[in-house]
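Colleague: Keeping their order, the protein sequence lines are chains A and B.
Taking the numbering used here, I'd label the letters of the first sequence as residues 908 to 1025.
Taking the numbering used here, I'd label the letters of the second sequence as residues 6 to 331.
This is the structure, below, for whatever I ask next.
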Amino acid sequence: MNAPDRYERFVVPEGMKKVNYERDMKIMNAATFTVQREDHTIGNIIRMQLHRDPNVLFSGYKLPHPLQYKVLIKIQTTSQSSPMQAYNQAINDLDKELDCLKESFVSKCRRNKTTIKE
Amino acid sequence: MDNVSYQRFPTVRIREIKDDFLKFELRNTDASMANALRRVVLAEVPTIAIDLVEIEMNSSVLNDEFIAHRLGLIPLTSERAMDMKFSRDCDACDGDGKCEFCSIEFTLNVKCTSDQTLDVTSHDLVPSDQQYPVYPVGFMERAEYGGYEEDPPEQRGILIVKLRRGQELKLRAIARKGIGKDHAKWSPAATITFQYEPEIHINEALMETLTLEEKKEWVDSCPTKMFDIDANTEQVVVVDAEAYAYDDEIIKKADAMGKPGLVNIISREDSFIFTIESTGALKAADMFLNAIEILKMKLDAVRLSMETEENDDQFGELGAHMRGGL
């Protein structure tokens, strides 16, 4: 009867920011990104992509609670980079990777003479 | 500095492709990407499903809620779903779900007048609007003429309820776009799995120290037929590496026979074998393609806003200090 609406799991409430950035006050070049209404799907790919960046000293993500629909991504970098720069870079790289995957998949589908919707 | 990229270049090799089945190899990427794609196909690729049911007349043995639930689970052809709007952010109708951009109306009106039990199936759902091709799965393939009883079972549609003489079911249903995260009825996937590709190295030198009997015994110890013995050369050969269930049975057997290291199995961490089965709502290939598109949109949504970046720059001296005095 008092169950929350199902869409609360994936619709960001009005007035709430999708991504919040908070700098760590004790460690240099460290920050926490709070991403609202996302889960392991986004958290894990961003973390793993950050691991490929040699300037990233630490990156990890957590889902604080299954009923709090947000992920925390913690990043620490060397002084050559910044958490924000590393985060943006990771997203750009993942985006390009998906472009590449899409291209490869579409061309292979064509070769198999399969009609796909584009 | 800004030009460095740690991007990967994944490749795909399709093994088998049908409308509702797809098997392919995904290489040069990692498990996080494979799993993200799997999760997106399951829970975030949109389809169309019945979401609102108004029952006018129901004298069947099943209650209204039960029938509404059964209607919701019927897969509808959803090629249109990617271009449709979610009814909650449809501007044309303020989200009451009764406009052409976000909803499709169906009616069902069946009454049993014979002594024989009448099956109400998904084929009895009639779309009121013929403009867009949204039908229950299998609707277009149904036999046009020829009685219901003569139709092959797979063309009879999905059973909703059975009626006896005098019973009637009349209702109006509104189908909407949605995602599997909201309710599993919107998930386009029947199953979607990926596995690592196993790489099997047989230590040939050690293998030759076994007698034919021992080889047979070892080959037969594998619960999933991965190995066989070549009839001519009497050598053990790998026949189906992918049958390996990562159960370590043959490795244990080799140890038990006093031949540790007889075989070495590694799983390649950068290549995956995907199997996708569709409910029929979307083609399997479209499901995967839509998943890539959705994952891109999700990534785009989690980019930092300009405002956040500017606020950080304005952090001033303390910010500069925290960045290491640069």
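No residue lacks a Cβ here, since even glycine has one placed at the ideal position from N, Cα and C.
1) Pull up the distance between the alpha-carbon of C1007 of chain A and that of I163 of chain B, whole angstroms please.
2) List, in chain order, every chain A residue whose beta-carbon is nearer than 7 Å to that of N40 of chain B.
3) For V347 of chain B, which residues in chain A fall below 8 Å Cβ to Cβ?
4) List, in order along the chain, the chain A residues whose C-beta lies closer than 7 Å to that of N12 of chain B?
5) How big is the Cα-Cα spacing for L130 of chain B and L1005 of chain A?
6) Is the distance from the Cβ of V243 of chain B to the Cβ of I234 of chain B below 9 Å?
7) What residue ranges within the segment 941-995 of chain A form continuous beta strand (DSSP E) runs of no fewer than 3 residues, ordered along the chain?
8) Any beta-carbon of chain B closer than 9 Å to the one on Q956 of chain A?
9) For S83 of chain B, is the classification buried or exposed, using 16 other Cβ atoms within 10 angstroms of its Cβ as the cut-off for buried?
10) Any residues in the segment 43-63 of chain B with a beta carbon nearer than 7 Å to a beta carbon of chain A? Which ones, in chain order?
11) Opposite N114 of chain B in the DSSP bridges: which residues?
12) Apart from the five residues on each side of it in sequence, which residues of its chain come closer than 8 Å, Cβ to Cβ, to S986 of chain A?
13) By the 10 Å Cβ neighbour count, where 16 or more other Cβ atoms means buried, how is G285 of chain B classified, buried or exposed?
14) Please say whether Q983 of chain A and D931 of chain A have beta carbons closer to each other than 9 Å?
15) Is there a Cβ from chain A that is less than 9 Å from the Cβ of P15 of chain B?
16) Can you tell me whether F14 of chain B is buried or exposed, with buried defined as 16 or more other CB within 10 angstroms of its CB?
17) Below 8 Å on the Cβ atoms is my guess for K372 of chain B versus L78 of chain B; work out the distance and round it to an integer in Å.
18) Could you tell me whether the Cβ atoms of L81 of chain B and I53 of chain B are closer together than 9 Å?
19) Less than 8 Å between the CB atoms is what I'm expecting for E173 of chain B and K116 of chain B, so what's the real figure, rounded?
20) So who's on the other strand from N63 of chain B, going by DSSP bridges?
21) Just to confirm before moving on: does the CB-CB distance between N377 of chain B and T948 of chain A stay below 9 Å?
22) Per DSSP, which residues does R18 of chain B bridge with? Please list them.
23) Can you list the residues of chain B that P994 of chain A reaches, using a CB-CB cut of under 8 Å?
24) Please confirm whether Y976 of chain A and E915 of chain A have their CB atoms less than 9 Å apart.
25) Check whether the segment 986-1004 of chain A touches the segment 954-968 of chain A, counting contact only when three or more Cβ pairs, one atom from each stretch, lie closer than 8 Å.
26) For the candidate residues B:I179, B:A180, B:M89, B:E213, whose alpha-carbon lies nearest to that of K264 of chain B?
27) Strictly below 7 Å CB to CB, what residues from chain A border D35 of chain B?
28) What does Y914 of chain A touch in chain B if you count any residue whose Cβ is under 7 Å from its own?
29) State the beta-bridge partners of T284 of chain B as determined by DSSP.
30) Where do the N-terminal and C-terminal ends of the alpha helix (DSSP H) with I255 of chain B fall, by residue?
31) Hey, quick one: how far does the alpha helix (DSSP H) through F917 of chain A stretch, first residue to last?
32) Can you tell me which of the three DSSP states K183 of chain B falls into?
33) Tell me whether the segment 44-53 of chain B and the segment 282-297 of chain B touch, counting them as touching only if at least three CB pairs, one residue from each stretch, are closer than 8 Å.
34) Along chain A, which residues have their Cβ under 7 Å away from the Cβ of K301 of chain B?
35) Do you know how far the Cα of S127 of chain B is from the Cα of A250 of chain B?
36) Could you check whether K925 of chain A and A1 of chain B sit closer than 9 Å to each other, using their CB atoms as the reference points?
Modeller: Short version:
1) The residue given as residue 1007 of chain A occupies position 100 in the first sequence. The residue given as residue 163 of chain B occupies position 158 in the second sequence. Roughly 39 Å separates the two Cα atoms.
2) The sequence position of residue 40 of chain B within the second sequence is 35, counting from 1. N40 of chain B reaches chain A at N951, counting residues in chain order whose Cβ is nearer than 7 Å.
3) With chain B covering only 6 through 331, there is no way to say anything about residue 347 of chain B.
4) The residue labelled residue 12 of chain B in the question sits at position 7 within the second sequence. According to the sequence displayed, residue 12 of chain B carries Gln and not Asn. Under the 7 Å cutoff, chain A gives D1000, K1003, E1004.
5) Counting from 1 along the second sequence, the entry for residue 130 of chain B is found at position 125. Counting from 1 along the first sequence, the entry for residue 1005 of chain A is found at position 98. Cα to Cα, L130 of chain B sits roughly 39 Å from L1005 of chain A.
6) On the second sequence, residue 243 of chain B is found 238 positions in, with the first residue counted as 1. On the second sequence, residue 234 of chain B is found 229 positions in, with the first residue counted as 1. Contact: no.
7) Those beta strand (DSSP E) runs which fall completely within the segment 941-995 of chain A and span 3+ residues are 963-969, 977-984.
8) Within the first sequence, residue 956 of chain A is the residue found at index 49, counting from 1. At least one chain B Cβ lies under 9 Å of Q956 of chain A.
9) Residue mapping note: residue 83 of chain B aligns to position 78 of the second sequence, counting from 1. S83 of chain B should be labelled buried.
10) Across the segment 43-63 of chain B, CB contacts with chain A closer than 7 Å involve R44, V45, in sequence order along the chain.
11) Taking the first residue of the second sequence as 1, we reach residue 114 of chain B at position 109. Answer by DSSP bridge pairing, in chain order: B:K175.
12) Counting from 1 along the first sequence, the entry for residue 986 of chain A is found at position 79. Cβ neighbours of S986 of chain A beyond the five flanking positions: M935, N936.
13) Against the second sequence, residue 285 of chain B aligns to sequence position 280. Buried.
14) Walking along the first sequence from the start, residue 931 of chain A turns up at place 24. Walking along the first sequence from the start, residue 983 of chain A turns up at place 76. A distance below 9 Å separates the beta carbons of D931 of chain A and Q983 of chain A.
15) Here residue 15 of chain B is taken as the residue at index 10 of the second sequence, counted from 1. For P15 of chain B, the answer is yes, since a Cβ of chain A falls inside 9 Å of its Cβ.
16) The sequence position of residue 14 of chain B within the second sequence is 9, counting from 1. It counts as exposed.
17) There is simply no residue 372 of chain B to check, as chain B begins at 6 and stops at 331 in what is shown.
18) On the second sequence, position 76 is the one that residue 81 of chain B refers to. On the second sequence, position 48 is the one that residue 53 of chain B refers to. Going by C-beta atoms, L81 of chain B is nearer than 9 Å to I53 of chain B.
19) Within the second sequence, numbered from 1, the residue matching residue 173 of chain B stands at position 168. Within the second sequence, numbered from 1, the residue matching residue 116 of chain B stands at position 111. So it is a contact: roughly 4 Å between Cβ atoms.
20) As a position in the second sequence, residue 63 of chain B is number 58, starting the count at 1. Note: N63 of chain B sits in a beta bridge opposite B:L174.
21) With chain B covering 6 to 331 only, the question about residue 377 of chain B has no answer from this structure.
22) Stepping through the second sequence from its first residue, residue 18 of chain B is reached at position 13. Within the DSSP secondary-structure output, R18 of chain B pairs in a beta bridge with B:E30.
23) To locate residue 994 of chain A, count along the first sequence from 1; it is residue 87. Checking the displayed sequence, the identity of residue 994 of chain A turns out to be Tyr instead of Pro. Neighbours of Y994 of chain A on chain B, chain order: L309.
24) If you number the first sequence from 1, residue 976 of chain A lands on position 69. If you number the first sequence from 1, residue 915 of chain A lands on position 8. The answer is yes: Cβ separation under 9 Å.
25) Here the segment 986-1004 of chain A lies against the segment 954-968 of chain A, with 3 or more beta-carbon pairs under 8 Å apart.
26) The sequence position of residue 264 of chain B within the second sequence is 259, counting from 1. For K264 of chain B, the closest of B:I179, B:A180, B:M89, B:E213 by C-alpha to C-alpha distance is B:E213.
27) Within the second sequence, numbered from 1, the residue matching residue 35 of chain B stands at position 30. The answer, in chain order, is M955.
28) Translated into positions along the first sequence, residue 914 of chain A becomes position 7. Below the 7 Å Cβ cutoff, chain B contributes R93, D187 as neighbours of Y914 of chain A, in chain order.
29) Here residue 284 of chain B is taken as the residue at index 279 of the second sequence, counted from 1. Residue pairing from DSSP leaves T284 of chain B without any beta-bridge partner.
30) As a position in the second sequence, residue 255 of chain B is number 250, starting the count at 1. Its alpha helix (DSSP H) spans residues 254-261.
31) Taking the first residue of the first sequence as 1, we reach residue 917 of chain A at position 10. Secondary structure note for F917 of chain A: it is in no alpha helix (DSSP H), with a DSSP letter that is neither H nor E.
32) Numbered from 1 along the second sequence, position 178 holds the residue referred to as residue 183 of chain B. Correcting the residue identity first, residue 183 of chain B is Gly in this sequence and not Lys. Correct three-state label for G183 of chain B: strand.
33) By the C-beta criterion, the segment 44-53 of chain B is judged to be in contact with the segment 282-297 of chain B, since at least 3 inter-stretch pairs fall below 8 Å.
34) For this step, residue 301 of chain B is matched to residue 296 along the second sequence. Within 7 Å Cβ-Cβ: D1002, L1005.
35) Mapped onto the second sequence, residue 250 of chain B falls at position 245. Mapped onto the second sequence, residue 127 of chain B falls at position 122. If I take the Cα positions, the gap works out to 39 Å.
36) Residue 1 of chain B is absent from the model: chain B starts at 6 and stops at 331.
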